[in-house]
Each structure stands twice: as structure tokens, then as C-alpha cells.
Amino acid sequence: MSFHLAQFNLARMVAPLESEAMRGFVEGLEALNALADAAPGFVWRLRGEGDTATDLRPYGEDILINLSVWESLEALKAYTYQGAHLEYLRRRREWFVPLKERFLVLWWVPVGYEPRLQEGMERLEYLRRYGPTPRAFTLGQNFPPGSSQ
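Below, the structure written as C-alpha cells:
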């Protein structure tokens, strides 16, 4: 069986999405999503109403979520830490409050599988409770494909 990498992350906004404080983030979100969609190794991302997931707020109104699937850990890292996304990453404190607890989780899924939002939430909770394991891990401490089933 072949596997892809699922990732789920969340971020607490410094102000409501419609506020002036979040304007730079909102104005660039469409382009950022287009970059992801065209990135080598990108497979799928969760969308709510429209082309983003900004309307999906399972943790409350001040927290945005992101759920996506990538062909490999290397593809996700390349998108995250290279090119235009890196500039957004560098500016994250303009728009998001630093979180004290884990906010990103990774796990392997069968090729063709689209994880549900609830699954991402459960995997993040598992990571927070037990630390990195084959079921829920991080960019820095990861496990080989197929180990999280």
C-alpha cells in the first residue's frame, strides 16, 4: 500500500479575520492557497465555503485551521520553508498569537484518502497527550510512511 502525508494545524488570530490587523493575511490568502495547490507534491486541502477553510472554526472564532495532504514529508517541507510561503511564515506573529501547546500534527494516510476535520483534531489531541508516535507526529520527529495505521 502507498501512503501520503496528512497535516493539520491551527493558529490563534490576533484579531477577528475582518479586522485591519488581519488585512495583510486575508489579502494574501488566495495567492497562498494557489501556491499550495500548484506546489510539487500537493494533493488536497480542506475547503469550507468558497476556496478557503477560514469559515471552519471548531476551536472557536479566534482560531483558524488548515488540513491538507501531501505526497511526502519532503514536499510539505519544501512548500513550507521555501518560496512565498516562507515569507508568510516569517510574518506569522503579525497575525497570530504564539501558542504554548502543539499546533501542528502529521500522520500517514492511504493514497486517495481525504481526512476529515474531526480526524485532524483527534490526531492533534493525541500528539498533545502522548507526544510524537507513529499515529501523530511532527516535522522534527517523524515516522516512516505506513507506520500510523
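Position 109 (the sequence shown) corresponds to 109 in UniProt numbering; numbering is contiguous.
Ideal placement from N, C-alpha and C gives every residue a C-beta, glycine not left out.
It should be emphasised that the depicted structure is a prediction, and the values quoted were computed from it without experimental measurement.
Asked: Closest to F8 by CA distance: which of R93, Y126 and R91 is it?; Found: Y126
Asked: Which runs of the alpha helix (DSSP H), 4 residues or longer, sit entirely within the UniProt domain "DUF3291" (5 to 141)?; Found: 23 to 38, 73 to 81, 83 to 90, 92 to 95 and 117 to 130
Asked: Is the beta carbon of L139 less than 9 Å from the beta carbon of K100?; Found: no
Asked: For A3, list the residues DSSP reports as bridge partners.; Found: Ala is not the amino acid found at residue 3; the sequence shown has Phe there. Its beta-bridge partners are P110.
Asked: Would you mind stating whether F25 and Y88 have Cβ atoms separated by less than 9 Å?; Found: yes
Asked: Take V14 and list the residues in its own chain whose beta-carbon comes closer than 8 Å to its own, dropping the five residues that flank it on each side.; Found: A21, M22, E94, W95, F96 and V97
Asked: For E46 and L17, which I take to be in contact (beta-carbon distance under 8 Å), what is that distance rounded to the nearest angstrom?; Found: The residue asked about is misnamed: residue 46 is Leu in this sequence, not Glu. At roughly 17 Å, the Cβ-Cβ gap does not stay under 8 Å, so L46 and L17 are not in contact.
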